[in-house]
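Asks: Sequence lines, in order, name chains A and B. Per this note's numbering, residue -17 is the first one in the first sequence, and the count goes up by one each step. Per this note's numbering, residue -17 is the first one in the second sequence, and the count goes up by one each step. Ideal Cβ positions, reconstructed from N, Cα and C, are used throughout, including at glycine. Note that the coordinates shown come from a computational prediction; the quantities given were computed from them, not determined experimentally.
Number of protein chains: 2
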Amino acid sequence: MVYKDLSKEELLEMKKELQAEYEAFKAKGLKLDMSRGKPNKAQLDLTNDMLDTVNSSSDMTASDGMETRNYGGLTGIPECRKLMAEIVDVDEKNVIIGGVASLTLMYDYISQCMVFGCGGNEPWIKQGEIKFLCPCPGYDRHFGILEHFGIKMINIKMNADGPDMDSIEEYIKDESVKGLFCVPKYSNPDGITFSDEVVRRFAALKPAAKDFRVIWDNAYIVHDLNDTPDRLLNIFDEAKKCGSEDMFIEVISTSKISFAGGGISAIIASDANIAEIKKRMGIQIISNDKINQLRHARYFKNLDGIKAHMKKQAAILRPKFDTVTDGFEKAFNGTGIASWKKPNGGYFISLFVMKGCAKRVGQLCKEAGLTLTTVGATYPYGIDPDDSNIRIAPSYPNVDELQKAVELLCICVKLAAVEKLTEE
Amino acid sequence: MVYKDLSKEELLEMKKELQAEYEAFKAKGLKLDMSRGKPNKAQLDLTNDMLDTVNSSSDMTASDGMETRNYGGLTGIPECRKLMAEIVDVDEKNVIIGGVASLTLMYDYISQCMVFGCGGNEPWIKQGEIKFLCPCPGYDRHFGILEHFGIKMINIKMNADGPDMDSIEEYIKDESVKGLFCVPKYSNPDGITFSDEVVRRFAALKPAAKDFRVIWDNAYIVHDLNDTPDRLLNIFDEAKKCGSEDMFIEVISTSKISFAGGGISAIIASDANIAEIKKRMGIQIISNDKINQLRHARYFKNLDGIKAHMKKQAAILRPKFDTVTDGFEKAFNGTGIASWKKPNGGYFISLFVMKGCAKRVGQLCKEAGLTLTTVGATYPYGIDPDDSNIRIAPSYPNVDELQKAVELLCICVKLAAVEKLTEE
């Protein structure tokens, strides 16, 4: 039954039933958290053996003879650069190994652009108001960086094949528009992978600003969930064809491959951008943790090692994603009050509830003991103009907990919808 | 014989002999490096067992129940904050654990002050030309950060008990003077520890700039070489008496305790400064490497563990420092052409040669196969106004190599002096 076609009486009847179901759930005193894309214990355990890869009897020398325990090696040890280069399919010389978080690589790059500019242009901080385009729903920490630096954010619609390129092509005619962040594969939170056409249109962008930068946050590049994974074009291959390599800054990390609390990250960029990044990094650090680089390189060895490992990760995650999407299908099919996409990878499911209901859903869930990602957080400034999007992070709870959480969530989505439809 | 009292004939005779000695050394084709304060292999081996502290069968839970392998814990795990707090003797709440390098903590803090200001004041970048006071000779990487951000550097003389406080007290009357970097214990390169009076005068500073910051780089806080170590007052204890805690940002690291290529660092600050740093860090990172924090906390346990470990480090380093200072005494006593201080700790020996001769010494050494820290690097902009200071880093070479290096260096110092004295 499509909710909006029901009569007021039918809706009020339904509301009574939903309220009873909700109160019953509330009485159970649950305490569930689906707020962040956090790996769960079983996933972390998968990489425990890596901790044995480097021990007191290990040869601590990198492949180029560098002593990993000592100073030196600003850009990372060769075997680790090679591993990360294989993952993104670029030349090793275009890879710099970072610390534990790609977030830091992105923050530091934006900070560098603010204070020193990029591509030899004027520092952003000296150019008056500057703007970034924000495909949304998107990753709250990207928006966090932009807000922190006072960069004005402009919402860009996400289509089924990536950001709305028509509007991006229009906005970049404005020289004060300096860039955008995106997650091109299994986007956070929609799980959308940019189509070939979208990637090619990105590569072909001709922004008015010479210092326009696309932060290509390839967080889920090897994070497939099933045997029909999405395929993303290599942005640097496409950029080369357009001579636009300097426009792209790619980052990846092993946060959701090895350990979120002890992984490594990498920044991938054109020769010119690598030179600018190295110039700053050479003042900021002598090298990132080379022992952890050695650990990762020796444990995973190569792309095949990474892929084999990610199959184990997928085996743990897949049933959780299924639990959520199965629950949604069961609850929402034919109701017309919610939509979502079942992703082939990544860490999130993006649920769109009836317009104007998302905050109410978040509140209802919270009062019944289920913490969701703060509603609105998937949009710039925390404002979802439709008050509709809810980000579901299924990785952390176990399947049983998840089942309960989804059941509760579905009740709340329905209740909020019925409340809305019966509003005076 | 005091060189400057010798006759021209005597000097020319000596020059001939020194040239012969120098050429003999050159013929040996040495390749020695004393340029950086790098631990040597035996020192690194001391900490190898730490790599076994955390392995695949370890409990990976921090003392507060946090899973170190996962996200979370912006300020560091409690046992690691406690360890670092014990080293500097402050409350744990005033300690944030960083990544592999205290250099990054300092860079990021200066960057934060530039873009966001500190203490709620206007960003430095918006205040026109700003200046830092630079006790020198000093640490080239401090000067590097300042030059990178375009902060004007003003030389401050180092006295035997620390920076010349008279001139600092005078300069800070200028509101555009925003701070200084210093190494208060076993200063780089002089090995000077600030006297109680100097520390107290620091704490009592009343700068015109409300956003004046002293970066207290306590890099060698536990790096004593012998049983008569220097003693440094706790800057925060003294600052409390003057209500000036907000003026000080202290940093330490385990780079020269555990591994330069895989250690941890910490930033220590007042409640107000910690709040500002956390606000920025919360955008920049989710947490630093908590597994490495666990490794360090479990291995060293507490300050006693650190102290016991540093005695082993000292046993390796002491003979090297002795080799250098013994060599200097033998070569220079009574010549009046060089001065130095035998430090009780730290990583460097600072040699002052005859004015106008340091660059020539560097050149002579280089041509004979001995690399020194670039002459001038111990001063802002790489300019030693007296062309006199040479930083000796004795840690990396072994004692035999060091003996040769010092012998060669002494010949070069003498030769440069004689050249100078016989100049037309």
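#1: Run down chain B in chain order and give the residues with a C-beta less than 8 Å from the C-beta of Asp271/A.
#2: Indicate whether Ile250/B and Val77/B have their beta-carbon atoms separated by less than 7 Å.
#3: Tell me whether Val97/B sits in a helix, a strand or coil according to DSSP, three-state version.
#4: Anything in chain B within Cβ reach of Tyr413/A, meaning under 9 Å, just list it in chain order.
#5: Could you tell me whether the Cβ atoms of Ile234/A and Asn200/A are closer together than 7 Å?
#6: Identify the residues that DSSP records as bridge partners of Thr353/A: which are they?
#7: Counting only beta-carbon separations shorter than 7 Å, does Thr50/A have a partner in chain B?
#8: Quick check: is the beta carbon of Ser38/B nearer than 7 Å to any beta carbon in chain A?
#9: List, in order along the chain, the chain B residues whose C-beta lies closer than 8 Å to that of Val97/A?
#10: Which chain B residues are close to Gln385/A, counting only those with a beta carbon under 8 Å from its beta carbon?
#11: With distances taken between CB atoms, is the gap from Ser149/A to Ala185/A smaller than 7 Å?
#12: The beta strand (DSSP E) with Pro127/B in it runs from where to where?
#13: Let me check understanding here. Comparing Cα to Cα, which of Ile197/A, Ala9/A, Lys312/A lies closest to Asn255/A?
#14: Applying the criterion that 16 or more other CB atoms from any shown protein chain within 10 Å of the CB defines a buried residue, is Asp228/B buried or exposed?
#15: Who are the near neighbours of Gly351/A in its chain, counting only those whose CB is closer than 7 Å to its CB and skipping five residues on each side?
#16: Would you check if the segment 255 to 268 of chain A and the segment 65 to 73 of chain A touch, i.e. whether three or more CB-CB distances between them fall below 8 Å?
#17: Under 9 Å Cβ-Cβ, which residues of chain B neighbour Asn103/A?
#18: For Asp143/B versus Val181/B, is the C-beta distance shorter than 7 Å?
#19: Within the continuous alpha helix (DSSP H) that includes Val388/B, where are the two ends?
#20: Cβ of Asp15/B less than 7 Å from any chain A Cβ?
#21: Please list, in chain order, the chain B residues whose beta carbon lies closer than 8 Å to that of Asp34/A.
#22: Straight-line CA distance for Gly245/A to Thr305/A?
#23: Output, in chain order, the set of chain A residues within a Cβ distance shorter than 8 Å of Thr86/B.
#24: Flag Tyr202/A as yes if its beta-carbon sits less than 7 Å from any beta-carbon of chain E, otherwise no.
#25: Taking one C-beta from the segment 295 to 315 of chain A and one from the segment 383 to 395 of chain A each time, how about it: are there three or more such pairs within less than 8 Å?
#26: According to DSSP, is Ala251/A part of a helix, a strand, or is it coil?
#27: Using beta carbons (cut-off 7 Å, strictly below), is Lys20/B in contact with chain A?
#28: Using a Cβ cut-off of 8 Å, which residues of the segment 109 to 128 of chain B contact any Cβ in chain A, in chain order?
#29: Count the other CB atoms within 10 Å of the CB of Arg18/B; is the residue buried (16 or more) or exposed (fewer)?
#30: Can you name the residues of chain B whose CB is closer than 9 Å to the CB of Asp41/A?
#31: If I measure Cβ to Cβ from Asp368/B and keep anything under 6 Å in the same chain, skipping five residues before and after, which residues do I get?
#32: For a quick check, are the C-beta atoms of Gly327/A and Tyr121/A less than 7 Å apart?
#33: So what does DSSP say about Ala375/A, is it helix, strand or coil?
#34: Which runs of the beta strand (DSSP E) spanning at least 3 residues fall entirely within the segment 309 to 374 of chain B, listed in chain order?
#35: Leaving out the 5 sequence neighbours to the left and right, which residues in its chain are closer than 6 Å to Lys341/B when beta-carbon positions are compared?
Replies: In brief:
#1: Gly81, Val82, Gly243, Gly244, Asp271, Asn274
#2: yes
#3: If DSSP states are grouped into helix, strand and coil, Val97/B belongs with the helices.
#4: A query on residue 413/A cannot be resolved here, the shown segment of chain A reaching from -17 to 406 and no further.
#5: yes
#6: Asp15/A
#7: yes
#8: yes
#9: Within chain B, Ser93, Met96, Val97, Ile107, Phe131 have C-beta atoms less than 8 Å from the C-beta of Val97/A, given in sequence order.
#10: Simply none; closest approach about 22 Å.
#11: no
#12: This sequence places Ile at residue 127/B; Pro is not what is there. Ile127/B -> not in any beta strand (DSSP E); alpha helix (DSSP H) instead, spanning 122 to 130.
#13: Per the Cα distances, Ile197/A.
#14: buried
#15: Gly11, Leu12, Lys13, Leu14
#16: no
#17: Near Asn103/A there are no residues of chain B at all, since even the closest Cβ is about 17 Å away, more than 9 Å.
#18: If you check the CB distance, Asp143/B and Val181/B do not come in under 7 Å.
#19: 381 to 403
#20: It does not; no Cβ of chain A falls within 7 Å.
#21: Asn37, Ser38
#22: 28 Å
#23: Gln266, Ile267
#24: Going by chain labels, chain E is absent from the structure shown, which instead holds the protein chains A and B.
#25: With a cut-off of 8 Å, the segment 383 to 395 of chain A and the segment 295 to 315 of chain A count as touching, because enough Cβ pairs lie within range.
#26: strand
#27: yes
#28: Arg123, Gly126, Ile127
#29: buried
#30: Per Cβ cutoff of 9 Å: no residues; Asp41/A is ~11 Å from chain B at best.
#31: Lys337
#32: no
#33: Note: Ala375/A maps to coil in three-state DSSP.
#34: Within the segment 309 to 374 of chain B, the complete beta strand (DSSP E) runs of at least 3 residues fall at 320 to 322, 331 to 335, 352 to 354, 371 to 374.
#35: Taken in chain order, the residues that qualify are Val357, Asp369.
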